[in-house]
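Participant: First residue of the sequence shown: 4, per our numbering; consecutive thereafter.
All residues carry an ideal CB built from backbone N, CA and C; glycine is no exception.
Because the structure is a prediction, the values reported are computed rather than measured.
One structure, as structure tokens, below. Some questions next.
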Amino acid sequence: MTQRNRTSATGLTALAALLLGFSIVPGAATASAQSSNPVIVESFKNLTGSVMSQEFVQGELPGVNEECTPSPEHPRPVVLVHGTGLRMQKTWGNVFDPSLPGPMVTALRDDGYCLYALNYGYDTVIRIAGFAGPSGWGNGSIAESAKELSTFIDSVRDLTGTPQVDIVGHSQAGPLTRRYLLAEGGADPANPENNKVHSLVLLAPSTNGTTFWGKTEEGAKKGGHSIAAQQQTVGSSFLTELNAGPGTLPGIEYTVIASTNDDRIFPYENSFFTPAPGTEQSVRQMTVQDVCDDPDLAISHGRYFPPGAGNSVGLLDHEVPRFLVRQALDPTLPGTAPC
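What follows is the structure in structure tokens.
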């Protein structure tokens, strides 16, 4: 593992405070790059200040948001962005033992990256007729979530002293990061050297929407699905506005990793970008089935619980997409996907 030095606990505390209203206690700094001193989350509170139910309490996610200085080999921190109705622990954590990092976090840490993750898009209401209750993370307006992502990335850049980050995201992270790049200062198309993102690696992004929550935005709304779900339906007003802009931007390396077995993005081809003129060489898009030359390779959208049982493994846990993410972040990484 590449040696990484620790930064000040004060700066990390400020970063963690952005994760929406929880108490934190920074761990004592150590000199060991392999030591784990994550920010400990004492309790989560919702937007009114009352303690949420255990279902929505986000404990620490080991391996991320630690005091860390990027190495010369991997000079950019990596920001992990979860999907709809989830949070960082459920997306990137270890489903068997929450005290351990999940497989993606473990792989990227072992490669020597500084990792950061946030929870975004908390929505307080489930929209089902006659019932209102806590909804959770990744369900709010994507435009508002893009602002949260912008604030978080700026803080990561300030904390690590790096002008750019790399992003690894899942599902809703597709339109969310596009909104961030286009509308929240993440990219500067006129001066790409000022971009805040170098590499954008997306697993099963809902780039062009899905029919999973309904065939129309109105149908998703009537079905009681969250604002974010409504906005990710094919032809939604949000996606129509977003797609009026360029699909990709100069100076950013794009990678999309999809699966023909996707059980959330219908059709799976909707994950793919239409590259803007002049950016085609910076856009790599693939399915895991094509990479492995195996049309029967069964890999689902995200995670099954527990993963690893027969064919019930998702993109977030399977070793093939995990290798592809690592190689997208570091094109010099030798080897081929472990098909």
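Distance, Cα to Cα, Pro298 vs Gln292?
Facilitator: Position 295 of the sequence shown, counted from the first residue, corresponds to residue 298. Position 289 of the sequence shown, counted from the first residue, corresponds to residue 292. Taking the straight line from one Cα to the other gives about 5 Å.
Participant: Of the residues Val84, Val67, Cys71 and Pro75, which one's Cα is nearest the Cα of Ala207?
Facilitator: The sequence position of residue 207 within the sequence shown is 204, counting from 1. Looking at the Cα atoms, Val84 is the closest of the given residues.
Participant: Does the count of Cβ pairs from the segment 224 to 238 and the segment 83 to 98 closer than 8 Å reach three?
Facilitator: A contact exists between the segment 224 to 238 and the segment 83 to 98.
Participant: How far does the alpha helix (DSSP H) with Ala193 in it extend, from its first residue to its last?
Facilitator: Residue mapping note: residue 193 aligns to position 190 of the sequence shown, counting from 1. Careful: Ala193 lies outside any alpha helix (DSSP H) and carries neither H nor E.
Participant: Excluding the 5 residues flanking Ala149 on each side, which residues of the same chain have their C-beta closer than 7 Å to its C-beta?
Facilitator: As a first step, residue 149 is located in the sequence shown; it is residue number 146 there, counting from the start. Closer than 7 Å at Cβ, skipping near neighbours: Leu179, Arg182, Tyr183, Ala186 and Glu187.
Participant: Less than 8 Å between the beta carbons of Val200 and Val81, yes or no?
Facilitator: For the purposes of this step, residue 200 is taken as the residue at position 197 of the sequence shown. For the purposes of this step, residue 81 is taken as the residue at position 78 of the sequence shown. For Val200 and Val81, no; Cβs fall outside 8 Å.
Participant: Could you tell me if Phe155 is buried or exposed, where buried requires 16 or more neighbouring beta carbons within 10 angstroms of its beta carbon?
Facilitator: By one-based count along the sequence shown, residue 155 stands at place 152. With 16 or more other Cβ atoms within 10 Å, it is buried.
Participant: Please report the distance separating the alpha-carbon of Asp265 from that of Glu151.
Facilitator: Numbered from its first residue, the sequence shown carries residue 265 at position 262. Numbered from its first residue, the sequence shown carries residue 151 at position 148. Computed Cα separation, rounded: 28 Å.
Participant: CA-CA distance, Leu336 and Lys224?
Facilitator: Walking along the sequence shown from the start, residue 336 turns up at place 333. Walking along the sequence shown from the start, residue 224 turns up at place 221. Straight-line Cα distance between these residues: approximately 44 Å.
Participant: Which residues in the same chain have their Cβ closer than 6 Å to the Cβ of Gly177, if we skip the five residues on either side of it in sequence?
Facilitator: Numbered from its first residue, the sequence shown carries residue 177 at position 174. Cβ neighbours of Gly177 beyond the five flanking positions: Leu205, Pro208, Ser209 and Thr210.
Participant: Which of the three DSSP states, helix, strand or coil, is assigned to Ser229?
Facilitator: As a first step, residue 229 must be located in the sequence shown, where it is residue number 226. If DSSP states are grouped into helix, strand and coil, Ser229 belongs with coil.
Participant: Compute the Euclidean distance between the alpha carbons of Leu318 and Phe215, then round it to the nearest angstrom.
Facilitator: Taking the first residue of the sequence shown as position 1, residue 318 is located at position 315. Taking the first residue of the sequence shown as position 1, residue 215 is located at position 212. So the alpha carbons of these two residues sit roughly 17 Å apart.
Participant: Quick one, which of Val159, Ala193, Leu242 and Gln235 has its alpha-carbon nearest Ile255's?
Facilitator: As a position in the sequence shown, residue 255 is number 252, starting the count at 1. Residue Ala193 is the option with its Cα nearest to Ile255.
Participant: What residues are listed by DSSP as bridge partners for Tyr257?
Facilitator: Here residue 257 is taken as the residue at index 254 of the sequence shown, counted from 1. Paired residue(s): Leu203 and Val286.
Participant: What does the Cβ neighbour count give for Lys218, buried or exposed, with the cut at 16 atoms within 10 Å?
Facilitator: As a position in the sequence shown, residue 218 is number 215, starting the count at 1. Per the 10 Å Cβ criterion, exposed.
Participant: Between which two residues does the beta strand (DSSP E) carrying Ile170 extend?
Facilitator: Along the sequence shown, one-based indexing puts residue 170 at 167. Per DSSP, Ile170 belongs to the beta strand (DSSP E) from Val168 to His173.
Participant: Look at the Cβ atom of Gln175, then the Cβ atom of Gly212, and state whether they are nearer than 8 Å.
Facilitator: What you label residue 175 is simply residue 172 of the sequence shown in a count that begins at 1. What you label residue 212 is simply residue 209 of the sequence shown in a count that begins at 1. For Gln175 and Gly212, no; Cβs fall outside 8 Å.
Participant: Tell me whether the beta-carbon of Gly250 lies closer than 8 Å to the beta-carbon of Phe276.
Facilitator: Reading the sequence shown from its first residue, position 247 is the one you call residue 250. Reading the sequence shown from its first residue, position 273 is the one you call residue 276. Taking 8 Å as the Cβ cut-off, Gly250 and Phe276 qualify as a contacting pair.
Participant: At least one CB of chain B closer than 8 Å to the CB of Thr109: is that the case?
Facilitator: Of the chains in the structure shown, none is chain B; there is only one protein chain.
Participant: Taking DSSP as the reference, what is the three-state secondary structure of Glu322?
Facilitator: Here residue 322 refers to the residue found at position 319 of the sequence shown. Three-state result, Glu322: helix.
Participant: Does the pairing of the segment 68 to 82 with the segment 100 to 109 give three or more beta-carbon distances under 8 Å?
Facilitator: Verdict: no, contact absent.
Participant: Classify Thr219 as helix, strand or coil using the three-state DSSP reduction.
Facilitator: Along the sequence shown, one-based indexing puts residue 219 at 216. The answer is coil: DSSP assigns Thr219 none of H, G, I, E or B.
Participant: Ser240 by DSSP, collapsed to three states: which one?
Facilitator: Here the question's residue 240 lines up with position 237 in the sequence shown. Three-state DSSP puts Ser240 in a helix.
Participant: Thinking C-alpha only, which one of Tyr116, Cys295, Val316 and Glu70 is nearest Asp333?
Facilitator: On the sequence shown, position 330 is the one that residue 333 refers to. It is Tyr116.
Participant: Determine the burial state of Cys342: buried for a count of at least 16 other Cβ atoms within 10 Å of its Cβ, exposed for fewer.
Facilitator: Here residue 342 refers to the residue found at position 339 when the sequence shown is read from its first residue. So Cys342 counts as exposed.
Participant: Cβ atoms of Met91 and Asn142: under 8 Å apart, would you say?
Facilitator: Reading the sequence shown from its first residue, position 139 is the one you call residue 142. Reading the sequence shown from its first residue, position 88 is the one you call residue 91. Cβ atoms of Asn142 and Met91: not closer than 8 Å.
Participant: Just how far apart, CA to CA, sit Ser303 and Gln330?
Facilitator: Taking the sequence shown and counting its residues from 1, one reaches residue 303 at position 300. Taking the sequence shown and counting its residues from 1, one reaches residue 330 at position 327. Between Ser303 and Gln330, the C-alpha separation is close to 21 Å.
Participant: Report yes if the C-beta distance between Val286 and Leu327 is below 8 Å; otherwise report no.
Facilitator: Residue mapping note: residue 286 aligns to position 283 of the sequence shown, counting from 1. Residue mapping note: residue 327 aligns to position 324 of the sequence shown, counting from 1. Against a cut-off of 8 Å, the Cβ pair of Leu327 and Val286 comes out as no contact.
Participant: Just to confirm the assignment, what range does the beta strand (DSSP E) spanning Leu118 have?
Facilitator: Indexing the sequence shown from 1 puts residue 118 at position 115. Leu118 to Ala120 is the extent of the beta strand (DSSP E) around Leu118.
Participant: Can you tell me which of the three DSSP states Pro104 falls into?
Facilitator: Position 101 of the sequence shown holds residue 104. Note: Pro104 maps to strand in three-state DSSP.
Participant: For Leu316, which beta-bridge partners are listed by DSSP?
Facilitator: Translated into positions along the sequence shown, residue 316 becomes position 313. In the sequence on display, residue 316 carries Val and not Leu. Ile302.
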